[in-house]
Amino acid sequence: MNRVVILTLDGDLDRGIRVTLAWGTTDKSAEGKIMSRLAPNPEIYQLYTDWQKGYRNLEYFYRNPRLTPKGLYISSMKSCEQLVDELSNNINQWLNSRSDGFDQIRNQLTTELSRHRDIRVLIQTDNPQLQRLPWHLWDVWENNHDSVEFSLIPLEYQPTPETKLRNRVRLLAILGNSDGIDIETDHNNWQQVSSLDSSSCFLVEPTREELDHKLWEKEGWDILFFAGHSSSECNDESGRIYINQEDSLIIDDLIPALKEAIKNGLKLAIFNSCDGLGLANALARLQMPQAIIMKEPVPDEVAQTFLRFFLEEFSQGKSLHKAVKVARKRLHYLENRLDKKLPYATWLPVIYHHPKAQPWRWPVSGSLVTLLIKLALGTVALLSIYGIYKIATEPNKLGDKISSGEEILDTTSARRFKHRGVKFMAKCQTPWRDNLAIFSQKTWQRWERCWWTKSNYKKAGNLFLKSWQEEDKDPETLIYLNNALLEATKSDYYTIAVAVPIVRNKNGSVKHRELAQKILRGIGHAQTEVNLELFQDNDKLPNNFTEKLLGKDVINGKSIKGKGLKVLIADDANITSEAIQRAKALVKERDILGVVGHYASDMTMETVDIYNSNKLVLISSGSTTEELTEHPRNFFFRTVPTAKIAAQYLVDYLVENGHQKAAVFYNPRSPFTHSFWQEFKQQFTNQGGELVDIKHYDISKPNFNPKQAIEEIGKTQDTAIVLNPDGQVTNAVTNAIDMIKENNGRNVMVGSSGIARSKTLALKQPDLFENLVVSVSWHHLNSANPQVNQDAQTLWGKSFNSLTAWSALAYDATRVLITAIEKQKNPTRLGMQKTLKSPDFSADGVTGKIEFEPANGNRKNPSQILVHVVPCPNQESGLEFVPLEYSSCDQKH
């Protein structure tokens, strides 16, 4: 039985308010009603306005606001707290008054609260000032605050259309102007909801026409969601949303389209954006059944946290007000944590409800479906034991940015044959519930093509091979080809995963893929070495298959105890929230024995404890931060040297060449670059060096000015410039390259491995690099295992020059996992960790012998060398990074 009390407020704060209290259950008419009056109280709204001004200008509030602050005034937390105390005192004196019989309303409320644990409190008013007041400060709720959830309802309303029910929820999500905020996390939170209808739509910075067109769709929507910038207007009677970089709309601009959407079944609007009261009031006039808004400006973290926990509850069938109540409670820790508090977070979410709207819950399948599932599985058991196993094993979800071949992650390489191959793989990745129609011809065809004859995998393999031969020797294609052929040949295999950073623009298009490709090149190479033995002379594959794959020169393949290697690719996008989601998904994949990744130290630091607590080995080929040395995890290892070693090589070079002054440019928020800075500072000063104090050292800032930074160092050539950009989590690499250009070869420059990339050489001016030296982990000219580089040239073809350090270290990380699997009779996750921790463990890689320090998972005796830029005619830029002892790309001094 759901209890509800309705507090109807008719009037205003200047002239007084007529108050009606009604109570009862949600499914029946009111059990009772009391009427009274409240005296005028204009002072209370002035107090609220003063608090509102202070809140909107809290300096830590504007860490990531979803509303542009007005003015330069910065308030203090203390002044806000004082105003809240005054507000609380005023509201309680006002509402606890005995005049006009208002004490009867308080007494009845107290009775209701004492009798019932879960109560909805509906504040019914059309007055925006009354809507904004913090009613939760009234002490009548004091002992029952956790059991009460407040909603706003309008005084005036008309009938709302009958609810149009669907089996799955259709979402229309608008991801609007995101300047200065992170709404991609909102996007990701929605994508984690598996029960969304596949026709749900995400509009990224749409035009007005695109939005209008979608709202008019006759199939209708269940939920309208907006994330971006918004604000209230017209004294909170309307609101404005900023749908892209140039355009904004008020709700009135969309009246015909919104009315049609409501008529077609729109049940809930969620505006996870700032100052949404005006939006809610405008929607109420259109008879929107339910809305959730943020009453005041909302910081990014509050908006993201609320949405995540709300969706967790609501998508499981909880009522709207219960889901909001739970999500609101989960915001308490943001208000009370010791560092980076976000005050008043629980004040912000507000439910706006049509008085006559039928309560709507997320459709969740019940016991009947469960019974049918059991019946279907039992029937399938009579047909095929193998079929049961495949049905009960949930495939990878499409759109989750984890793929074994069912979707293209690097969309810049989405060639025609590759795209067709992916479609065949995706047909075998349908959710297992789609296989319950056991008497459907389509279901039987799927079973036959995916599990019995494997014809879909054979077709996919042929298309991936055709793409490899005719379109592009792309590492993602090679990995998908391997995976498809393992299925097509019905080979047994072990499974690992790799997490790579495919950096994207705001609209989802790929911005940087170079780093991810280099990592995947090393992974795909190692995987192919394992699987070739299974594919050679296999009667299920075309004649001369290996020659079609590799050409006439064949790499010697060696399987893992007669089994192959499957690789899942996870794209963490170099965004911490996405990295966390990928990690949480990977640890649930029971077949995965180990993960190569993450690349950037920022991503690894955010995810390492997820892998560690789930006892899944994580081996990074790129994370160098010393924080992982200082706080070791049992399931973390790395093939790359730590920041301490990279810094040591550069310090030794500077000191040996008589450079006693240095200015360091880095990202102070990045675990990798901050760790490098600490190590460089300590080692350089210990050897008598002096660090030049510079103002513009943060190379990651969006407004970083390379010219200004070079000018700050001065025209003296005595100061060496140290460039240490992060792992592409910001624009630091681009800024570092611009500094090289501005320096024009004048001052000595040294840098960490992020500088040694083709993007740097694309400057194509040898004079710029005359005094540049970079510390890298490996170079093919100094390889401990040159055969691997020769095999790479065979595998990747004539256009390929040589392995990079990124490819080599990823190859070695994969070889480590392969070796650990080989050393176990029955490989398990725990067995992988114990094998790698063993003092007897070693693996042979392209960078040399790989062994680990048992105490922290760091590599023993890692390689590290210094490189510089020399002319190289066979390179696209005419330049190449080579070891210092080389005077050209193939000749030593």
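Here the sequence shown is numbered in the numbering used here, starting from 3 and rising by one per residue. Glycine residues also receive a C-beta, built at the ideal position from the N, C-alpha and C atoms.
Going along the chain, which residues of its own chain have a beta-carbon closer than 6 Å to the beta-carbon of residue i, five neighbours each way excluded?
i: L97; result: W140
i: D184; result: D302
i: E262; result: W218
i: M2; result: A question about residue 2 goes unanswered here, because the residues of the chain that appear run from 3 up to 895.
i: M427; result: G407, E408 and A462
Could you give the distance in angstroms between the alpha-carbon of residue i and the alpha-carbon of residue j?
i: D105; j: S99; result: 7 Å
i: A490; j: K565; result: 14 Å
i: L783; j: F883; result: 10 Å
i: G13; j: G278; result: 22 Å
i: G691; j: V724; result: 13 Å
i: S250; j: F204; result: 18 Å
i: V500; j: V142; result: 55 Å
i: S589; j: N636; result: The sequence given here has Val at residue 589, not Ser. Going by the C-alpha atoms only, they are around 15 Å apart.
i: A786; j: G847; result: 8 Å
i: P130; j: S233; result: 14 Å
i: K683; j: S755; result: 18 Å
i: E772; j: K709; result: 19 Å
i: P156; j: T162; result: 13 Å
i: K743; j: Q519; result: 26 Å
i: S116; j: E144; result: 11 Å
i: C82; j: T27; result: 38 Å
i: G716; j: K663; result: 12 Å
If you check the beta carbons only, do residue i and residue j fall under 7 Å apart?
i: D604; j: S672; result: yes
i: G596; j: V619; result: yes
i: L811; j: N791; result: no
i: V869; j: V778; result: yes
i: R17; j: R39; result: no
i: D304; j: L340; result: It should be pointed out that residue 304 corresponds to Val in this sequence rather than to Asp. No.
i: S469; j: I571; result: no
i: A284; j: I245; result: no
i: T837; j: A815; result: no
i: R584; j: D574; result: yes
i: G407; j: A329; result: no
i: S623; j: T609; result: no
i: P44; j: L15; result: yes
i: G799; j: K475; result: yes
i: L411; j: I504; result: yes
i: V206; j: E114; result: no
i: K265; j: D224; result: no
i: K766; j: S890; result: no
i: I36; j: Q126; result: no
Quick check on residue i: buried or exposed, where buried means 16 or more other Cβ atoms within 10 Å of its Cβ?
i: N338; result: exposed
i: A871; result: Note that residue 871 is Val in the sequence shown here, rather than Ala. When all chains shown are included, V871 counts as buried.
i: I257; result: exposed
i: I387; result: Any answer about I387 is weak, because its pLDDT of 41 lies below 50 and its placement is not dependable; what the coordinates show is given next. Flag for I387 reads exposed.
i: P873; result: exposed
i: S865; result: buried
i: F802; result: exposed
i: E887; result: exposed
i: G182; result: exposed
i: L167; result: exposed
Where does the unbroken alpha helix (DSSP H) through residue i begin, and where does it stop?
i: L322; result: L322 to K331
i: R418; result: R418 to K429
i: E580; result: T578 to K590
i: F706; result: Per DSSP, F706 belongs to no alpha helix (DSSP H) and is neither H nor E.
i: L279; result: L279 to R287
i: L173; result: L173 -> not in any alpha helix (DSSP H); beta strand (DSSP E) instead, spanning L173 to L177.
i: L854; result: Checking the displayed sequence, the identity of residue 854 turns out to be Phe instead of Leu. Neither: F854 is in no alpha helix (DSSP H) and is coded neither H nor E.
Starting from the C-beta of residue i, find all residues in its chain whose C-beta is less than 7 Å away, skip the five residues before and the five after it, and write them out in chain order.
i: P634; result: A857, N858 and G859
i: R119; result: S149
i: A711; result: F667, H698 and M741
Near residue i, which residues of its chain fall below 8 Å by C-beta distance, leaving aside the five closest residues on each side in sequence?
i: E298; result: Q54, Y57, R58, C276, D277, Y346, W349 and L350
i: N540; result: T491 and F547
i: I612; result: I582, A585, K586 and V589
Kindly indicate the opening and closing residues of the beta strand (DSSP E) around residue i.
i: R640; result: F638 to R640
i: P130; result: Run containing P130: none in the beta strand (DSSP E); it sits in the alpha helix (DSSP H), P130 to R134.
Nearer than 6 Å: is that true of the beta carbon of residue i relative to any heavy atom of the ligand COA?
i: P42; result: This structure does not include the ligand COA; it has no bound ligands of any sort.
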